[in-house]
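Protein chains in written order, with our numbering: chain A, 1 to 635; chain B, 636 to 937.
Take a look at the structure:
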């Protein structure tokens, strides 16, 4: 292929219809470029845009003047300026986020994710790699395989990118020396094998001089492989590979314009589907036959991976957003405990045991992450012991979802194996992960259906089961008020049980200490016990400091609608400390007690509790009356 | 069967729209009547067929759009079976903000402030916009789901990571997201798709003899001569020229190009052979130096 491939002007001018027809049949390849600031990554992308005529004259004029003003290439064009978008980055001269660029050749449209190379931007690289079919890893020929080369390769491999290109850049600066080039390749090959990369394509290039980018360089006669562009045009795209897999479509939305039409809308992630096919809806496992594959352009004979369609079925089966339609004879697994690799993306580290939202396909569930089995040093690939994961850390952990989800191993299906984690309070995307396999536990434990239901239990007790969750600082008066409330409820012939913090730690939770993760586990267990008691029809009162909003939320999520009553026993720290009933504040102030709430561990006040009790203005008895008045009627 | 790039782009945009409808409480589609809006609306019809798109269209009007645009606006909404909401900033209306006397304030008051007012007024928590990443440098880094604070601010430094096709639409009360389903489309893709799908666009995109005048070195169309005369203080000198528009905004802010391209293939041909980029005809990117669009977006502009 030669440079005139990109000189399509003649065809455009002479026969625009023919050109359009050709353009219309182009395929699309998404790739990522990785490399550090000095590797010439932005220059390479700028060059690809420039050579494929994606830079207009006015942009070029601006580029030329910018190049002279702030460029690093003297009077020459600094292609990097085309690519670095945000003001802050232009000032610092580095790319700090993922930027997407577009260009097209005769046969393909390309979307390039331009990602920063520094270790502190691992999350950006992972983001860019998540949608890529191919990764182009840049190496500075003068420096050879560096720590960052290994990091980038490792991350791309983790994200499942099968097509790796090793672009050995700045060949002009080593005089196109074949021996040096070969040495770099040998070096890289050894490393690649060690982390399980099966193959890669190496190309000697110069982004600045344009060698082997779109045209073969006469300076590297010893190189007989493709140019970078030839390779990008020839490589197989992932959506084609997905076609040979069994049919799966996560249901996004149920389309119900009228009583006669009920369709399931989604993007087919793998395989294909046609009318008459047997499909299974998961997790329910119900099967039906495909009636039609609907689009606005008419019903399709066959829907394939990568298409957004609406499927109608012959039978009325229960299926809604979050469910997955799959080939009936080859469905994906359903489970609730997994081994996964997690990349942490937030300033606040992972809190082991805390509940996060997990989005996988169209499923949104509550999930907890266990203490990492290990963290991976992204520079040396060594496994390190870890208690948590900090920003940009990558580790392997067991995770547990609060209900069964439909999944496949990430290596088989990115759409059912890749997930994001969302903080329940800040709503930030705090992590991303890849499921590897389910842990068998879930498949062997089944929920035992019982004949006396929780409604029966509650009816017999003539009350509505609820959890009165007292939260507040140590010494705020939680236990005292809870005790008063329980006494009053007993006088009203109600069936209650009071779970007290100190008492629970004598038995059920005696193995737990006071670290953040132990406190979370403490609350989780209490939540589970309280839930069992509400199933038995009881009104449960709990008195725990429970300092973290997220953990109280976790318990709230376990309970039925309206059954969780959060009661903030609102006592200012000075007042609680002045009371110091158990002498704990004194110890904490003296440093004899660590992680004490209010002193060296935070208390996160409820933002919107059902009931707030002011213990400065009210006596315990008055407070109890107030609480009761707020929870009436009891039935 | 290998999907073409347009088929993949279409599937991606439809997937994005369905995610928003499934997860947002009250979505809306911003409709500017331009070619990108036309494509976005067409994709919305496809995404929810046989249902009508389950959200209204919102036009943030400046009163300075071309007559042809107002005409197509009404018809498109009706054809799609969607409710059309039109919002004009009452303050700007009262002061009589116009592009000649008020410069950048015209965009700020009518569009930036007008958009914020409209979103607050109806309580929309997700708004589709037709912006593309290839339009402008700071757009290239914006997420598909772009999170805005309760005061509509955009913080480019704390954007949510966006992996695979998993979008995080969770937010607190008062906060909102702007969603860009055309993020990965290029100008050529848009034209190609309009051609392929036979999508109706404002006739001003096609070349025709139209009344024009020159102003500060640009070529503009005299869409409403009486009104122009009023704000310019004098009647501009009108010349008939064969012109068309590559992008459509407010008529005095959008520069025309002299052209003979009267069919879609001719437009595409002209675009491919031309050497100036699309936004050059719009004054908005340049009015406060290099980082203009990024600054506007932080202030709440789309």
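A virtual CB, placed ideally from N, CA and C, is assigned to each residue, including glycine.
Return helix, strand or coil for residue i, following the three-state DSSP convention.
i, result
"residue 543/A", "strand"
"residue 850/B", "strand"
"residue 4/A", "Any reading at residue 4/A is ruled out, since the residue's pLDDT is 41, under 50, leaving its predicted position unreliable."
"residue 799/B", "coil"
"residue 94/A", "Confidence is the limiting factor: at residue 94/A the pLDDT is only 44, short of 50, which leaves the residue's position unreliable and the question unanswerable from this model."
"residue 522/A", "helix"
"residue 617/A", "coil"
"residue 174/A", "helix"
"residue 506/A", "helix"
"residue 121/A", "helix"
"residue 766/B", "coil"
"residue 356/A", "strand"
"residue 594/A", "coil"
"residue 153/A", "helix"
"residue 411/A", "coil"
"residue 654/B", "helix"
"residue 637/B", "coil"
Among the options, which residue has its Cα nearest to the Cα of residue i?
i, options, result
"residue 354/A", "342/A, 370/A, 364/A, 346/A", "370/A"
"residue 743/B", "902/B, 894/B, 907/B, 885/B", "885/B"
"residue 40/A", "100/A, 210/A, 186/A", "210/A"
"residue 830/B", "858/B, 874/B, 898/B", "898/B"
"residue 767/B", "879/B, 852/B, 822/B, 907/B", "822/B"
"residue 570/A", "162/A, 314/A, 623/A", "623/A"
"residue 335/A", "390/A, 405/A, 316/A, 395/A", "405/A"
"residue 180/A", "380/A, 427/A, 220/A, 216/A", "220/A"
"residue 704/B", "690/B, 712/B, 669/B", "669/B"
"residue 564/A", "582/A, 206/A, 527/A, 588/A", "527/A"
"residue 480/A", "499/A, 215/A, 514/A", "499/A"
"residue 682/B", "662/B, 721/B, 706/B, 652/B", "652/B"
Checking 9 Å against the spacing of the C-beta atoms, do residue i and residue j come in under that value?
i, j, result
"residue 544/A", "residue 478/A", "yes"
"residue 188/A", "residue 202/A", "yes"
"residue 438/A", "residue 299/A", "no"
"residue 341/A", "residue 158/A", "yes"
"residue 454/A", "residue 542/A", "no"
"residue 185/A", "residue 112/A", "no"
"residue 881/B", "residue 856/B", "no"
"residue 169/A", "residue 133/A", "no"
"residue 471/A", "residue 567/A", "yes"
"residue 20/A", "residue 791/B", "no"
"residue 606/A", "residue 524/A", "no"
"residue 360/A", "residue 271/A", "no"
"residue 128/A", "residue 32/A", "yes"
"residue 811/B", "residue 761/B", "yes"
"residue 411/A", "residue 383/A", "no"
"residue 536/A", "residue 465/A", "yes"
"residue 883/B", "residue 667/B", "yes"
If you drop the 5 nearest sequence neighbours on each side, which residues of the same chain put their C-beta closer than 8 Å to that of residue i?
i, result
"residue 444/A", "Low confidence applies here, because residue 444/A scores a pLDDT of 43, under 50, leaving its location unreliable and the question unanswered by this model."
"residue 314/A", "288, 289, 290, 291"
"residue 430/A", "344, 345, 346, 348, 350, 356, 421, 422, 423"
"residue 893/B", "854, 876, 877, 878"
How many whole angstroms separate the CB atoms of residue i and residue j, which I take to be in contact at a CB cut-off of 8 Å?
i, j, result
"residue 574/A", "residue 585/A", "Their Cβ separation, rounded to whole angstroms, is 10 Å, which puts residue 574/A and residue 585/A out of contact at 8 Å."
"residue 261/A", "residue 251/A", "Not confirmed; about 15 Å, so no contact."
"residue 326/A", "residue 282/A", "6 Å"
"residue 891/B", "residue 878/B", "4 Å"
"residue 99/A", "residue 712/B", "No, residue 99/A and residue 712/B are not in contact; Cβ-Cβ is about 35 Å, not under 8 Å."
"residue 324/A", "residue 312/A", "About 17 Å; that fails the 8 Å criterion."
"residue 307/A", "residue 646/B", "5 Å"
"residue 764/B", "residue 813/B", "6 Å"
"residue 381/A", "residue 200/A", "That belief does not hold up - the Cβ atoms of residue 381/A and residue 200/A are roughly 17 Å apart, past 8 Å."
Considering only residues of the same chain and omitting the five flanking positions on each side of residue i, which have a CB-CB separation below 7 Å?
i, result
"residue 734/B", "699, 741, 885, 887, 888"
Between which residues of its own chain and residue i is the CB-CB distance below 6 Å, once the five residues before and five after are set aside?
i, result
"residue 442/A", "Unreliable placement is indicated for residue 442/A, whose pLDDT of 46 sits below 50; the coordinate value is still reported in the next sentence. 335, 336, 337, listed in sequence order."
"residue 131/A", "30"
"residue 748/B", "724"
Using 8 Å as the cut-off, classify the Cβ of residue i as near or not near the heavy atoms of the ligand MN, replying yes or no.
i, result
"residue 813/B", "The ligand MN is absent from the structure shown, which contains no ligands of any kind."
Indicate whether at least one CB of chain D lies closer than 9 Å to the CB of residue i.
i, result
"residue 17/A", "The chain labelled as chain D is not found among the protein chains of the depicted structure, namely A and B."
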